[in-house]
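Here the sequence shown is numbered in UniProt numbering, starting from 1 and rising by one per residue.
First the structure, in the form of structure tokens, and then the observations on it.
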Amino acid sequence: LEVELQNNVLFVLKQYDLSENQIQAIPRKAFRGAVDIKNLQLDYNQISCIEDGAFRALRDLEVLTLNNNNITRLSVASFNHMPKLRTFRLHSNNLYCDCHLAWLSDWLRQRPRVGLYTQCMGPSHLRGHNVAEVQKREFVCSGHQSFMAPSCSVLHCPAACTCSNNIVDCRGKGLTEIPTNLPETITEIRLEQNSIKVIPPGAFSPYKKLRRIDLSNNQISELAPDAFQGLRSLNSLVLYGNKITELPKSLFEGLFSLQLLLLNANKINCLRVDAFQDLHNLNLLSLYDNKLQTIAKGTFSPLRAIQTMHLAQNPFICDCHLKWLADYLHTNPIETSGARCTSPRRLANKRIGQIKSKKFRCSGTEDYRSKLSGDCFADLACPEKCRCEGTTVDCSNQKLSKIPDHIPQYTAELRLNNNEFTVLEATGIFKKLPQLRKINFSNNKITDIEEGAFEGASGVNEILLTSNRLENVQYKMFKGLESLKTLMLRSNRISCVGNDSFIGLSSVRLLSLYDNQITTIAPGAFDTLHSLSTLNLLANPFNCNCYLAWLGEWLRKKRIVTGNPRCQKPYFLKEIPIQDVAIQDFTCDDGNDDNSCSPLSRCPTECTCLDTVVRCSNKALKVLPKGIPRDVTELYLDGNQFTLVPKELSNYKHLTLM
């Protein structure tokens, strides 16, 4: 029992003697409105809990007796609002004198005539000591106890509900959350037809005797993994008619007595393979009308006592991963709702339990989309405009200028060739594709690759950039490609290979620079390619002047397949293999001192360049000059004859002034 006297006509009395009853708790609002009480006697009850503020209304109280109860703790705020208190009795209780009760010792010492014979009952070394005589240093807590507030909560029936025979009935009361502080002896709680959205951690754990919980027809979309923890007596759990999309791991752990589980009419799209691992006594399971496309083999193995199962009205993909279910239902004809396939088309609308198991096979991407369903992972569908076969996603010939969103994670080969790409942007798309091994960007219009464009592509080992419009290669373009083995750059417009072009590509074995406009290569350009075995430099207009002398010697020393690249300049060395040219013939005489790898060579002939500033003012230009460095930050085009803003300007991402 608990004291609950608010709004009682007896409040006109000034003295209450409630001794020798069976009062167990005094709730916070027990004496609200009882401002005239001067004498309150609560001796010889079973009080173990006094909520904070229970006596706050009793500002005129002079006498308070709580002798012979079961009080172990009291809050420091319990008696702060009784300035007229002259008699206080608390003897013969179970006071536990730890750090949380230190305040009471000070309080009693300041009022030597109040609280006589108030003694500690614990811990053992303080048993029988007067609280007022215990020194402050003796009130100690150990470990986590020092962080635990000495509070209690009165257990009661919620105002909106009815409680009888250990059943709490809160049906259709407009509740938005689970009631708390319910009687611990309840065996059934009915919460259906409310507006509850979340089941918080440990929501029902205090009520160990619960046998039935009904949460149907709410708006539940979130369930804490330990919401039902410790309910070993629970035999019925009703959750139908909610918005549940996924069952958290371990949600039903320890529910060994559960016999009825209704999850129908939700939005559940996956089941973990161990979702029902402890439900050995379950008789009926309903998953009717959800969003399940597949169920992992072994999900129902723990259900040794299952007699009835409802799986209909789910969009099942009847591929090789659902073959086991057909076999299971042949052996155990317990599915009574008529579950049917939704796809593939050849099996659509056929009852799963009546299809021969050999009909369940995987084709195309089905295998990869659903094989991880037991971990609640189902991959994305094939992107629009693309074709998916096995682990290959083919988005070629679609006039794309950007990589599609939502590419399936199982993708191992991504074909983006024959499209309209001009710049490969750093979007982070490859961080989402852990299985990716090959990317084809051939036959586009790529002029630039942003730094970080390949971030996350650490597993990619082959990239095809054939037939694009790249004019130079810089190491920052290929950041993130630690495992790259094949890099195809043939048929671009590359004129120079610098000594930092391929830094970080130590795994590359095959590098093709065939059919570019390379006239020279900086010394040391290939030194960081430690795994290089094939280098194709054919069909380039090499100028075999003094700047290329190192390459002849390098080709002679290295055991690398190169195809014998040849000189095109000067005229007397034309078509002679570079490695066959004598060192003294690599000269820069007679004006043959061109070096397209020098900084100046990256400046348009019509302009002047200094660092990243390019000035092309007053040159009668009608179109943007070619060869403007990609890292330009300032570009001056004033005093020319432009009629339209050149669209190519969008390629210069570092521009701050124009």
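We put the beta carbon where it would ideally sit given N, CA and C, even for glycine.
Computed from a prediction, not measured in an experiment: that's the story for all the values here.
Y636, enclosing beta strand (DSSP E) - first and last residue: Taking the sequence shown and counting its residues from 1, the one referred to as residue 636 is at position 636. Y636 -> beta strand (DSSP E) spans 634-636.
Check whether S48 and Q24 have beta carbons under 9 Å apart: By 1-based counting over the sequence shown, the position of residue 48 is 48. By 1-based counting over the sequence shown, the position of residue 24 is 24. Yes.
Exposed unless 16 or more other CB atoms sit within 10 angstroms - verdict on C141: Translated into positions along the sequence shown, residue 141 becomes position 141. When all chains shown are included, C141 counts as exposed.
contact_flag[the region 253-263, the region 273-290] where n(CB pairs < 8 Å) is 3 or more: yes
Proximal residues to residue 720 (C-beta, below 6 Å), its chain only, five neighbours per side dropped: This structure does not reach residue 720, given that the chain is present from 1 up to 658, and the question cannot be answered.
Three-state secondary structure (DSSP) of C546: Looking up residue 546 in the sequence shown gives position 546. DSSP places C546 in helix when its eight states are reduced to three.
Simplified DSSP state of T486, which is helix, strand or coil: Position 486 of the sequence shown, counted from the first residue, corresponds to residue 486. Correct three-state label for T486: strand.
6 Å Cβ shell around N266 - same chain, five flanking residues per side excluded: Locating residue 266 in the sequence shown gives position 266, where the first residue counts as 1. Within the same chain, N266 has close Cβ partners N242, I244, N290.
Contact set for C609: own chain, Cβ-Cβ below 6 Å, skip 5 residues either direction: The sequence position of residue 609 within the sequence shown is 609, counting from 1. If we look at C609 and ignore the five residues flanking it on each side, its Cβ neighbours are C603.
Check: Q277 C-beta below 8 Å from any heavy atom of the ligand ADP: Among the ligands in the structure shown, none appear at all, so the ligand ADP cannot be discussed.
Completely contained beta strand (DSSP E) runs for the region 569-593, where each covers 3 or more residues: none
Buried/exposed call for A620, threshold 16 Cβ in 10 Å: Here residue 620 corresponds to residue number 620 of the sequence shown, with the count starting at 1. Label assigned to A620: exposed.
Identified DSSP bridge partners for N472: For the purposes of this step, residue 472 is taken as the residue at position 472 of the sequence shown. Partner(s): C496.
Cβ-based burial, A149 [other Cβ within 10 Å; buried from 16]: Residue mapping note: residue 149 aligns to position 149 of the sequence shown, counting from 1. Because A149 carries a pLDDT of 47, less than 50, the predicted location of this residue cannot be relied on, and no value is offered for it.
Euclidean distance between Cα positions of H406 and N444: Sequence index remark: in the sequence shown, residue 406 carries index 406 (1-based). Sequence index remark: in the sequence shown, residue 444 carries index 444 (1-based). Distance between the alpha carbons of H406 and N444 is about 22 Å.
Given N194 as reference, the closest of N181, I186, T176 once Cα atoms are compared: By 1-based counting over the sequence shown, the position of residue 194 is 194. Of the listed residues, the one whose Cα sits closest to N194 is T176.
Delimiting residues of the alpha helix (DSSP H) encompassing K323: Here residue 323 refers to the residue found at position 323 when the sequence shown is read from its first residue. For K323, the enclosing alpha helix (DSSP H) covers residues 323-331.
Identity of the residues DSSP links to D394 by a beta bridge: Working through the sequence shown from its first residue, we reach residue 394 at position 394. The partner list for D394 (beta bridge, DSSP) reads R387, R415.
Separation of Y514 from T466, as counted between CA atoms: Residue mapping note: residue 466 aligns to position 466 of the sequence shown, counting from 1. Residue mapping note: residue 514 aligns to position 514 of the sequence shown, counting from 1. Approximately 9 Å, taken between the alpha carbons.
Three-state secondary structure (DSSP) of F55: By 1-based counting over the sequence shown, the position of residue 55 is 55. In the structure shown, the three-state DSSP call for F55 is coil.
Within 9 Å, strictly: CB atoms of R89 and Y117: Working through the sequence shown from its first residue, we reach residue 89 at position 89. Working through the sequence shown from its first residue, we reach residue 117 at position 117. Contact flag set, yes.
Residue closest to A77, alpha-carbon to alpha-carbon, out of W550, W107, P570: Within the sequence shown, numbered from 1, the residue matching residue 77 stands at position 77. Taking only the C-alpha atoms, the option nearest A77 is W107.
Spatially closest choice to N461 from T87, N70, E184, E413, by CA coordinates: Mapped onto the sequence shown, residue 461 falls at position 461. Comparing Cα-Cα distances from N461 to each of T87, N70, E184, E413, the minimum goes to E413.
Length of the line joining the Cα atoms of T656 and Q641: Counting from one through the sequence shown, the residue named residue 656 turns up at place 656. Counting from one through the sequence shown, the residue named residue 641 turns up at place 641. Cα to Cα, T656 sits roughly 22 Å from Q641.
Cβ neighbours of P83 in the same chain (closer than 8 Å, five flanking residues each side left out): Here residue 83 refers to the residue found at position 83 when the sequence shown is read from its first residue. Cβ within range, chain order: R59.
Buried versus exposed, by CB contacts within 10 Å (16 or more), I583: Residue numbering aside, residue 583 sits at position 583 when the sequence shown is read from its first letter. Exposed, because fewer than 16 other Cβ atoms sit within 10 Å of the Cβ of I583.
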